[in-house]
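Only one structure is covered here, and it is reproduced in the block below.
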Ligand SMILES: [Zn+2]
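In my numbering, the protein residues as written are 8 to 218.
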């Protein structure tokens, strides 16, 4: 009797090859199901962080503009670059706000766009000081805040990835999408080529969004 019990225990211990293969295939199936969802959640998390950055940057900008007699700054130097300009830099105590988490910080950027982040010496966002013709955004530098009658439709900052000419998209699988921050401090991720939303070739008429 004790011997029979011993044999039964031996037979049950450990996995057979088939059981092992079944477990491995189950793990593989689970990974295949869960991995895309996890990556998607990660991507959305970065997008949410970027949107928060854009909102905070515009809010800080609007506070600073109150000290500038309600005129948007138009500092000399690199057009539309946030972090390169000392005046604009003063607005941001936390320079990390200027970095989009999806911006990989590659040192060379097509077209040499100065807004690209490279070790935080530059920024991931462009201030619409001057016209950003590639994405149909009119510059605000030197203009009074009261000049813009629809703050919810006037872009103050954009990510350079919006411009297909830059040939780079760090936010999504959709080519050329990027964050846009508006004067009323809301932000959205806008794809280029979205009809009626953002122009890519020529400057859109004045009643278009982003003007
Ligand atoms: Zn971003």
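Think of the CB as a built atom: it goes at the ideal place given N, C-alpha and C, for glycine as much as any other residue.
These numbers come from a predicted model, not from an experiment.
Check: Distance, residue 35 Cα to residue 185 Cα; Outcome: 34 Å
Check: Residue 190 classed as buried or exposed, judged by whether at least 16 other C-beta atoms fall within 10 angstroms; Outcome: buried
Check: Status (buried if at least 16 other CB within 10 Å, exposed otherwise) for residue 42; Outcome: exposed
Check: Residue 26 vs residue 107 beta-carbon contact at 8 Å; Outcome: no
Check: Residue 153 Cβ short of 7 Å to ligand 1 heavy atom set; Outcome: no
Check: Rounded C-alpha distance that separates residue 134 from residue 48; Outcome: 29 Å
Check: For residue 145 and residue 72, the rounded distance between their alpha carbons; Outcome: 18 Å
Check: Proximity test, residue 133 beta-carbon vs ligand 1 heavy atom, cut-off 7 Å; Outcome: no
Check: Inter-residue spacing [alpha-carbon to alpha-carbon] between residue 115 and residue 74; Outcome: Because residue 115 carries a pLDDT of 42, less than 50, the predicted location of this residue cannot be relied on, and the following value inherits that uncertainty. Answer to the nearest angstrom: the Cα atoms are 36 Å apart.
Check: Residues sharing a beta bridge with residue 186, DSSP; Outcome: 196
Check: Alpha-carbon to alpha-carbon, residue 147 and residue 101; Outcome: 23 Å
Check: Collapsed DSSP secondary structure at residue 53 in the structure displayed; Outcome: helix
Check: Whole-angstrom C-beta distance between residue 130 and residue 105, which should lie under 8 Å; Outcome: 4 Å
Check: Residue 66 to residue 59 span [Cα, whole Å]; Outcome: 11 Å
Check: Burial state of residue 70 (16 or more Cβ within 10 Å); Outcome: exposed
Check: Residue 26: CB within 7 Å of a non-hydrogen atom of ligand 1; Outcome: no
Check: Three-state class that DSSP yields for residue 144 in the structure shown; Outcome: strand
Check: One or two residues paired with residue 78 in a DSSP bridge; Outcome: 151
Check: C-beta atoms of residue 159 and residue 193 nearer than 8 Å; Outcome: yes
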